Structure formats: structure tokens, C-alpha cells
Amino acid sequence: MAIAKKDLLSLSDLSVDEIQEIFAVAREMKTVIAGEDKKHPVLRGRSVINLFYENSTRTRSSFEIAGKYLGADVVNISASSSSVTKGESLKDTAKTIDRLAPDVIIMRHGASGAHEVLAQNVKARVINAGDGAHQHPTQALLDMFTITEKKGSLEGLKIAIVGDILHSRVARSDVWGFRALGADVTLCAPPTLMPSHAADLGVTVTYDMNEAVKDADVIVMLRIQLERQKAGMFPSVREYAAFYCLTEERLALAKPDCLVMHPGPINRGIEISGEIADGVQSVIDEQVENGLAVRMALLSMMGGYQNDVN
Amino acid sequence: MAIAKKDLLSLSDLSVDEIQEIFAVAREMKTVIAGEDKKHPVLRGRSVINLFYENSTRTRSSFEIAGKYLGADVVNISASSSSVTKGESLKDTAKTIDRLAPDVIIMRHGASGAHEVLAQNVKARVINAGDGAHQHPTQALLDMFTITEKKGSLEGLKIAIVGDILHSRVARSDVWGFRALGADVTLCAPPTLMPSHAADLGVTVTYDMNEAVKDADVIVMLRIQLERQKAGMFPSVREYAAFYCLTEERLALAKPDCLVMHPGPINRGIEISGEIADGVQSVIDEQVENGLAVRMALLSMMGGYQNDVN
Amino acid sequence: MAIAKKDLLSLSDLSVDEIQEIFAVAREMKTVIAGEDKKHPVLRGRSVINLFYENSTRTRSSFEIAGKYLGADVVNISASSSSVTKGESLKDTAKTIDRLAPDVIIMRHGASGAHEVLAQNVKARVINAGDGAHQHPTQALLDMFTITEKKGSLEGLKIAIVGDILHSRVARSDVWGFRALGADVTLCAPPTLMPSHAADLGVTVTYDMNEAVKDADVIVMLRIQLERQKAGMFPSVREYAAFYCLTEERLALAKPDCLVMHPGPINRGIEISGEIADGVQSVIDEQVENGLAVRMALLSMMGGYQNDVN
Chain F
2 MAIAKKDLLS LSDLSVDEIQ EIFAVAREMK TVIAGEDKKH PVLRGRSVIN
52 LFYENSTRTR SSFEIAGKYL GADVVNISAS SSSVTKGESL KDTAKTIDRL
102 APDVIIMRHG ASGAHEVLAQ NVKARVINAG DGAHQHPTQA LLDMFTITEK
152 KGSLEGLKIA IVGDILHSRV ARSDVWGFRA LGADVTLCAP PTLMPSHAAD
202 LGVTVTYDMN EAVKDADVIV MLRIQLERQK AGMFPSVREY AAFYCLTEER
252 LALAKPDCLV MHPGPINRGI EISGEIADGV QSVIDEQVEN GLAVRMALLS
302 MMGGYQNDVN
Chain Z
2 MAIAKKDLLS LSDLSVDEIQ EIFAVAREMK TVIAGEDKKH PVLRGRSVIN
52 LFYENSTRTR SSFEIAGKYL GADVVNISAS SSSVTKGESL KDTAKTIDRL
102 APDVIIMRHG ASGAHEVLAQ NVKARVINAG DGAHQHPTQA LLDMFTITEK
152 KGSLEGLKIA IVGDILHSRV ARSDVWGFRA LGADVTLCAP PTLMPSHAAD
202 LGVTVTYDMN EAVKDADVIV MLRIQLERQK AGMFPSVREY AAFYCLTEER
252 LALAKPDCLV MHPGPINRGI EISGEIADGV QSVIDEQVEN GLAVRMALLS
302 MMGGYQNDVN
Chain A
2 MAIAKKDLLS LSDLSVDEIQ EIFAVAREMK TVIAGEDKKH PVLRGRSVIN
52 LFYENSTRTR SSFEIAGKYL GADVVNISAS SSSVTKGESL KDTAKTIDRL
102 APDVIIMRHG ASGAHEVLAQ NVKARVINAG DGAHQHPTQA LLDMFTITEK
152 KGSLEGLKIA IVGDILHSRV ARSDVWGFRA LGADVTLCAP PTLMPSHAAD
202 LGVTVTYDMN EAVKDADVIV MLRIQLERQK AGMFPSVREY AAFYCLTEER
252 LALAKPDCLV MHPGPINRGI EISGEIADGV QSVIDEQVEN GLAVRMALLS
302 MMGGYQNDVN
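Residue numbers (the working numbering), protein chains in the order written: chain F, 2 to 311; chain Z, 2 to 311; chain A, 2 to 311.
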């Protein structure tokens with residue numbers, strides 16, 4: 002099954018059927034990753050460009066390895082070494098890169114809307130690897146895939162997302178995806194880190210973490226970016242942790258088999274206790290492996306587009 | 002047909018026959034690039050090192066992808082991470098890198114003469130990817146190839162090169178190449194950005210852009226480096242643009258089918274209007290694609306040398 | 002023959018038999034490197050991550066090329082672009098990277114002990130590519146291999162190591178390796194750059210270079226890090242060179258066929274005269290080539306572990 006839209010800019014570019022198909026392919030990819038020979042060269046002769054305007058070890062490496070395991074040629078272009086430092090417009094960068102004949106361009110960029118500019122100016126398929134505080138669709142896919150693997154499906158699950166909702170592209174993409182697959186989502190943050198339109202998203206909104214995690218099937222903890230504190234978003238790390246750190250006591254309020262997730266990198270003792278991060282309910286490390294599997298699935302399903310269509 | 006000289010430091014290292022052969026191979030490479038399987042592994046088992054002492058997304062990525070499409074192992078070494086920060090001499094760096102057994106070393110370096118030092122100290126073949134304000138032979142090759150594709154040949158064409166001639170390695174290489182293939186070249190710049198020996202190059206020199214572009218078959222616009230302004234090379238960007246920006250009015254003075262070229266990245270509204278850059282006479286994007294094809298051609302013709310000769 | 006221990010953190014992780022086997026495989030790898038087709042894809046389908054927390058052109062490039070010639074997928078992660086800038090602990094970085102399913106992780110890190118943390122938290126095999134002033138096992142292996150190639154064996158040779166012993170991980174690893182293969186080692190440095198426990202290492206200690214190099218079969222010169230001077234470790238570069246530079250006069254005190262070695266990059270005229278570095282007794286360039294061969298040998302012997310064992 003092919004993916005219908007040329008680009009994956011937002012999770013809403015995918016149908017629920019396409020998401021399920023990505024999961025089916027990702028399950029095959031997990032056996033490839035775990036096997037003796039990880040070379041699965043379905044993208045031999047195809048090329049992938051990783052265009053990163055922001056640092057990201059996890060996401061960049063995950064896409065790079067995904068492309069290489071699939072046999073594609075992968076080229077990294079980072080902002081610091083790119084023509085952006087010469088003042089070139091994104092549109093011109095897009096047109097230039099497209100002429101190097103990539104099949105897929107994966108971009109991380111700090112500005113919402115940058116991916117649309119890229120997508121409109123290239124023949125290559127574009128995958129959004131994170132755009133400001135807007136969308137991070139492959140993170141949501143790997144979160145949904147992880148929950149599906151562990152729980153069978155998301156239908157009817159209570160999922161709490163806790164932390165800096167306001168600045169989190171992970172939260173935005175997760176909300177869309179979790180709801181599309183039938184989950185009930187609760188958002189929890191201090192008032193200063195909760196978007197004003199949160200209630201319009203079809204989710205439950207609370208500022209009380211005990212309420213958020215009560216009877217939850219899944220808890221997704223978000224990373225606190227410590228630089229937010231300087232901006233006065235919360236009074237102190239200690240106070241934040243007192244109210245919003247996932248501790249043993251709070252986790253005990255959730256269902257006994259509640260999954261604990263985090264997109265990483267984690268701040269131990271701030272948004273999550275080290276014991277829980279390393280504990281039996283945590284699937285944080287597995288999220289990384291599933292991220293690789295989901296990206297291999299996506300690339301294998303999208304990497305052949307350009308020539309098939311043109 | 003092999004390339005006789007070990008190294009490509011300056012365009013004058015190539016004979017006209019060799020240049021024409023590079024173009025013939027580049028045409029084949031364009032069909033590879035446009036095809037379903039871009040892997041054309043004639044350099045399997047060979048290796049290429051990209052040694053960049055200056056940032057360059059376009060040129061570095063173009064060579065990297067060229068090497069990878071040809072099946073070579075490509076390794077990037079950038080100045081910031083190299084031993085130059087430890088004060089090692091270029092000669093010692095050269096000897097070290099050569100012992101990693103590369104077949105081709107591609108170097109960009111700010112100093113004229115650096116490539117000679119490298120070439121004399123390595124068994125690998127050296128390709129100059131830009132050296133200060135001196136030479137940029139692969140840019141000239143792609144420019145000549147682009148004109149040849151569009152016009153059949155350069156014989157008797159009037160080609161205007163406009164902008165910061167003084168600091169442009171593109172201009173230096175283009176002048177040699179365009180004249181070698183029979184074109185008449187006109188150089189146009191403000192007096193402060195025109196080299197004093199320009200008239201000795203066998204070209205027409207003018208400070209009047211209208212005169213330069215009149216009846217031109219090809220106009221090559223050069224990038225204005227805005228940092229030059231600080232050095233007092235021109236009074237203001239606005240004044241520069243008033244006299245030397247390629248506008249619709251000025252382009253109308255050229256032949257109706259005049260090609261518009263630019264090595265990129267462009268400053269829209271400074272040296273070229275956005276409409277012209279995106280217009281039907283512009284071949285700026287195609288230059289990027291042709292750059293990839295020319296570099297694949299060069300690498301495929303030079304990459305087997307070391308073992309064939311030694 | 003497999004290598005018994007999972008990780009190569011210190012040279013003492015290897016038995017003498019394993020070291021000799023590495024040399025035997027390295028000799029085969031030298032013919033691969035010198036041959037027409039350097040692709041020797043015994044690691045096809047395996048992957049290698051280069052995790053560098055400190056710059057190192059030589060070592061990083063050497064491992065990268067070694068992995069690529071062997072057909073592995075190689076991914077570079079440098080500290081500046083990694084999550085360390087986000088404050089992630091090394092343990093969490095380790096667990097994350099391991100989930101990308103690498104077979105081997107090669108790490109350079111400034112802290113002694115960092116490699117143990119990494120090794121304990123990953124299924125991948127870990128190779129230490131340099132840790133602070135502690136160990137650099139592959140440098141010692143390539144030094145030992147180079148001497149073995151030239152002298153047949155190290156048994157009974159007099160080897161002088163001269164320079165900044167105190168801060169040198171090369172010296173620490175070399176001492177262990179040279180002694181394990183039967184050589185007599187003399188360490189020579191200014192008193193401020195000699196570790197206080199040097200005499201306990203089973204070596205001869207001297208502050209007089211003439212004494213150190215007298216009748217030597219091999220002289221290993223170490224790099225002076227010029228920033229040490231600021232710390233008051235030696236009075237001036239000129240004075241250091243007067244007492245500890247390897248000059249023609251000093252080299253004449255050694256055996257006539259004495260080898261001159263240096264891990265690079267060299268400071269000409271400070272720790273070694275340019276004439277000697279380029280002279281017939283110098284094997285400095287060959288050390289680089291042998292480093293590639295030894296790393297290919299190691300990777301080929303360690304790259305298959307994960308799947309064979311698990």
C-alpha cells in the first residue's frame with residue numbers, strides 16, 4: 002500500500018488505514034533490525050537528504066540509520082554548514098537541493114510553515130522531522146506504534162500527556178494521533194505551559210497531575226526545557242518537579258499496567274524519577290527502537306514515489 | 002578516455018578534448034540521475050575524501066552525492082573538526098589523509114596554492130573544489146556544460162559575466178573555459194570590483210552593465226558578498242543594485258533567447274531580480290543538476306587512476 | 002579467532018594471542034587497502050556508530066573508512082550535535098544509541114571511566130578511541146603492529162617514549178603493549194611532565210633524552226600540546242625543544258636502524274625535526290596506514306559479536 006499524499010508534514014496527512022499499514026511494515030522492520038543482516042536494500046539506488054536546521058541526535062541518527070539499513074544513499078546537511086548562513090532563502094535552498102535528485106527530504110526546522118515552503122518547491126517527498134512547536138509526526142507514529150504493540154490498540158485507552166504542552170510539537174502530534182485511533186486524551190500542565198485553546202482539541206484539560214494520571218493506561222511525560230525557566234514560565238525547577246514530576250506515588254494512581262513514555266532526552270528527577278524511567282512500566286528505550294522501525298517503514302513506503310509518479 | 006593529468010587544480014589542466022569527453026559522460030550521468038535506480042557503481046571499492054576548509058553546502062553535497070551514486074565510499078572531513086585546529090601543516094595533513102588510501106581527494110581551501118601542496122604530497126588524485134579567489138574548475142565545467150546543452154556550443158557566443166569579478170574564482174575559471182571553447186567574454190563590474198589586469202585576459206572590460214549585456218547570448222551573474230560592503234568596495238547595496246542588478250529592462254537588451262546563469266546562492270533583488278531568477282530564461286536550477294552530472298562524470302573518469310597507474 | 006571480551010576499553014582487555022591474531026588479520030587488510038577493490042564487505046548488514054566527544058580527524062576518519070571498506074553502515078555522532086548539549090546523561094545517551102541496533106560503538110571521550118559507563122549500558126561492543134589521559138588501545142595496537150612489521154617482533158627491543166608522558170594516553174597504552182610483547186621501555190620527559198608513579202610501571206625512567214635514546218631500537222616521540230605551556234608545565238617551547246626535540250645528533254645515539262614513530266599530528270621543530278620526520282628512519286606515515294589496517298582487523302573480528310552471542 003502506497004501513501005497517497007506526496008508529503009508527510011502533519012500526522013493528519015495520513016489516513017487511519019495508512020497509519021495501520023505503517024505499523025504493519027514497522028513490525029517487519031523490527032525483525033530486520035533484530036536480525037543478523039540489517040541490510041534490507043529496498044531503497045537501493047534511491048537517496049535521502051537529512052536537512053536539519055536544529056540539532057537532534059536522536060531523530061537525525063534514527064532517519065540516517067533507517068535510510069542506510071534500507072540501502073539508500075543518505076546525505077546530511079546541517080544548518081550551520083548550509084547556505085542559510087549565506088542568507089539564502091529557504092525556497093532557493095529547496096530548489097537547489099531538489100536538483101541533487103533526492104527521493105526523500107527529511108527536514109527539521111524551527112519555524113512552523115517552513116515545511117510547506119520546502120514541499121511546494123521540490124519534487125522529492127518531504128517528511129517533517131519536527132517544526133518549532135507545531136508538529137513532529139514521526140514521533141507521534143512511534144508513540145502510537147509503541148502503545149499498539151503493548152496494548153493491542155488505542156481504542157478506549159486513557160492517555161495522559163503531562164508537561165510543557167504549550168511548546169511541545171510532540172504533544173500536538175500525539176493528541177491528533179491518539180484521538181484518531183480512539184483514545185481519550187488528558188492534557189496536564191501548569192497554567193503557563195498550557196495552550197489557551199487546549200479545550201478545543203477534544204481533550205480533557207487539567208492542571209492537577211493526580212487527576213491526570215488517575216486510572217491512566219498510558220502516561221506520556223514531556224521534556225521540560227530548562228531555558229523556559231528563564232522566561233518565567235515556571236518559578237523554579239524544584240517547584241515544577243514538586244507538582245509535575247512522575248513519582249512512584251503518582252504512578253500508583255494509574256492502572257497497574259500503565260505504560261510510561263517519554264520522547265527523550267529525559268531530565269531525571271525533574272519530569273520523571275530515575276527509578277520509573279528505568280522501571281518495568283517504562284517503554285522509553287523501546288520507543289527509540291520503534292522510532293527506527295517506524296522510520297524504516299515510512300521511508301520504504303515513501304522512498305519510491307518520485308519515479309513511480311513522474 | 003582517461004584524463005591525462007593526475008590532478009584537476011585549474012581548468013587549464015584539461016585539454017579541450019577532455020572537456021568535451023567530460024560533457025559526453027555527463028550527458029549519460031544525467032540519464033542515470035533521472036532514472037529509477039541512481040546507483041551506477043563504477044567506483045565500487047574506491048574511496049573519495051571531501052576535505053573542506055570552508056563551508057559549502059552546494060559543492061560539498063554535490064560531490065558527496067556524486068561519489069555515492071557511483072558507489073564509492075565517501076568521507077567528509079571539515080576544517081573545524083580536522084587537525085588544522087591543532088596547528089598541523091597542510092603538508093602533514095595531506096600525507097596523513099593519503100595513507101587512508103583514498104582514490105580522489107576533493108578540497109576546498111581559502112588559500113591559492115594550497116591545492117598544489119596537497120597534490121604534491123598525495124598519491125590520490127586531487128580535484129580543486131574552490132581555492133580562495135583563484136579557481137573553481139568544476140563550477141566552470143558545469144557552466145560550460147549548461148551552455149553547451151542549451152546552445153549546442155560556445156563557439157562565437159557573446160557571454161557577459163557581471164558582478165564582483167575581483168573576488169570571484171567562478172569568474173576566473175569561467176573566463177578561461179568560455180574562451181577555450183570559442184566564446185567572446187565581456188566582464189562587467191564596478192571599478193573597485195574589477196581586477197586591474199582584466200584587460201590582459203583576452204576579454205572586453207566595461208563598467209556599464211547595459212553595454213555588457215547588449216546582444217548577449219548568455220549572462221552569468223555573480224554573487225555579491227555583502228561583507229565586501231563593509232570593506233568599502235561599494236557604497237551601498239541599494240546603489241550596487243541600481244547599477245548592476247539584472248532587471249527586466251537590462252535583460253531586454255540581450256538576445257531574446259539569452260540564458261541567465263548564477264552560481265548560487267542568489268541574493269534576490271540585489272544582483273538579480275526574483276522574477277528573472279525564476280523566469281523562463283533562467284537556468285540556475287539546471288546548473289545545480291548539471292553540476293552533479295559533471296562531477297559524476299569527472300569522478301568516474303578520475304576515480305580509477307591510482308590503481309591503474311601505480 | 003574471536004576476541005573473547007565484549008569490549009576493548011583498555012589494551013589489557015586483549016590477550017597476547019588475540020593481539021597476534023589482530024596483527025595477522027591486519028596484514029591481510031593491508032593487501033585489501035593496497036588493492037584495486039578496497040571493498041571487503043565482511044560487515045555488510047552490520048552497523049558502526051562513531052561517537053566522538055572530542056575532535057579527532059585521524060582516529061575518527063580511520064574508523065569511519067575502516068567500517069566503510071568492510072561494508073558496514075557507519076554513522077557519525079559528534080558531541081556538539083548530540084544530546085549532551087541538552088544535558089542528557091551518558092547512561093541515557095548509551096541506552097538510546099544502543100536501541101538503534103549498532104553492532105559496534107566507537108567512542109572518544111575526555112573522561113576516564115566514561116567508556117565503562119557506555120559498555121555497561123549497551124549490547125553493542127564498545128571500542129575505546131581515546132579517553133582523557135588514560136587509554137588509547139588502537140593507537141598502541143598500530144604502534145605495536147608497525148614495530149612488528151619492521152623488526153619481526155618486539156622481544157628484547159629497547160623502546161624509548163619521549164615527551165609529555167603525564168598527559169599521554171598513547172604512552173599509557175604503549176607501555177602496556179610494548180612490555181606485554183617483551184620490549185624494554187624507557188620513558189623520558191621533563192620532571193613536570195612525568196607521572197609520579199612512572200617507576201612502578203616496570204620501565205626505566207629518565208629526564209635525560211640522550212640516555213633515553215642511546216642504543217634504542219625504536220623512538221616514539223609524543224606530541225607536545227602547546228596549551229600545556231600556559232599551565233606552566235614547561236618554561237618555553239624553545240627550552241623544551243632544546244632538551245627534548247629529536248634532532249639528528251640525538252638520533253645518532255640510537256641504533257643505526259632505529260625506527261622513529263609519532264602518533265601525529267607533529268609539531269615540526271618542537272618535538273621532532275622536520276628532516277627526521279620526513280627521513281628514512283621515520284615510519285610516521287606508515288603508522289597511519291597501519292592504523293587503518295588494524296582498525297579494519299578489529300572491526301572485522303568484533304563486528305559480528307552481537308548476533309553471534311545473543
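Using N, Cα and C, we set each Cβ at its ideal position, and we do this for glycine too. Given the structure is predicted, the values throughout are model-derived calculations rather than measurements.
Residue environment, residue i, which counts as buried when at least 16 other CB atoms sit within 10 Å
{"i": "A:V281", "result": "exposed"}
{"i": "F:D309", "result": "Residue confidence for F:D309 is low, a pLDDT of 44 falling below 50, so the modelled location carries little weight; the figure read from the coordinates is stated next. With fewer than 16 other Cβ atoms within 10 Å, it is exposed."}
{"i": "Z:D104", "result": "buried"}
{"i": "A:T32", "result": "exposed"}
{"i": "Z:D18", "result": "exposed"}
{"i": "F:R239", "result": "exposed"}
{"i": "A:E156", "result": "exposed"}
{"i": "F:L300", "result": "buried"}
{"i": "F:A243", "result": "exposed"}
{"i": "F:D201", "result": "exposed"}
{"i": "F:G304", "result": "buried"}
{"i": "A:E290", "result": "buried"}
Residues near residue i in its chain [Cβ-Cβ closer than 7 Å; skip 5 each side]
{"i": "Z:P42", "result": "L71 and G72"}
{"i": "Z:I66", "result": "L293"}
{"i": "F:K96", "result": "N122"}
{"i": "F:K151", "result": "L260 and V284"}
Proximal residues to residue i (C-beta, below 6 Å), its chain only, five neighbours per side dropped
{"i": "F:G178", "result": "L12, A141 and M145"}
{"i": "F:G36", "result": "none"}
{"i": "A:R45", "result": "G72"}
{"i": "A:K6", "result": "D14"}
{"i": "F:Y241", "result": "F235"}
{"i": "Z:A27", "result": "F146, A294, V295 and A298"}
{"i": "Z:S169", "result": "L223"}
{"i": "A:V1", "result": "The requested residue 1 of chain A does not occur in the structure, where chain A is confined to residues 2 to 311."}
{"i": "Z:A217", "result": "K159, A161, A255 and C259"}
{"i": "Z:I148", "result": "L155 and V219"}
Rounded Cβ spacing between residue i and residue j (contact assumed at less than 8 Å)
{"i": "F:I166", "j": "F:P196", "result": "6 Å"}
{"i": "F:L10", "j": "F:N129", "result": "5 Å"}
{"i": "F:H116", "j": "F:D132", "result": "6 Å"}
{"i": "F:G164", "j": "F:E272", "result": "6 Å"}
Secondary structure of residue i, DSSP reduced to three states
{"i": "A:G68", "result": "helix"}
{"i": "F:S63", "result": "helix"}
{"i": "F:V221", "result": "strand"}
{"i": "Z:D93", "result": "helix"}
{"i": "Z:V26", "result": "helix"}
{"i": "Z:G131", "result": "strand"}
{"i": "F:L300", "result": "helix"}
{"i": "F:S283", "result": "strand"}
{"i": "Z:I4", "result": "coil"}
{"i": "Z:N77", "result": "strand"}
{"i": "F:S326", "result": "Examination of residue 326 of chain F is not possible in this model, given that chain F is present from 2 through 311 alone."}
{"i": "F:Q21", "result": "helix"}
{"i": "F:L293", "result": "helix"}
Contacts around residue i, its chain only, beta-carbon distance under 8 Å, and the 5 residues preceding and following it disregarded
{"i": "Z:R251", "result": "M210, N211 and V214"}
{"i": "A:P333", "result": "Within the shown structure, residues of chain A are numbered from 2 to 311, placing residue 333 of chain A beyond reach of any answer."}
{"i": "A:E249", "result": "S274, E276 and I277"}
{"i": "F:I286", "result": "Per the sequence presented here, residue 286 of chain F reads as Asp, with Ile not at that position. Once the five neighbours on either side are set aside, F:D286 has no close Cβ partner at all."}
{"i": "A:Q1", "result": "For chain A, the structure presents residues 2 to 311; residue 1 of chain A sits outside this window and is missing."}
- 3-residue-minimum beta strand (DSSP E) runs that sit fully inside the segment 134–209 of chain F, ordered along the chain: 159–163, 185–189 and 205–207
- Task: Mind listing, in chain order, the continuous beta strand (DSSP E) runs of no fewer than 3 residues lying wholly within the segment 223–267 of chain A?
- Result: Annotation: the segment 223–267 of chain A contains the following complete segments of the beta strand (DSSP E) (minimum length 3 residues), in chain order: 260–262.
- Task: At 4 residues or longer, and completely inside the segment 100–124 of chain F: list those alpha helix (DSSP H) runs for me, N to C.
- Result: 115–121
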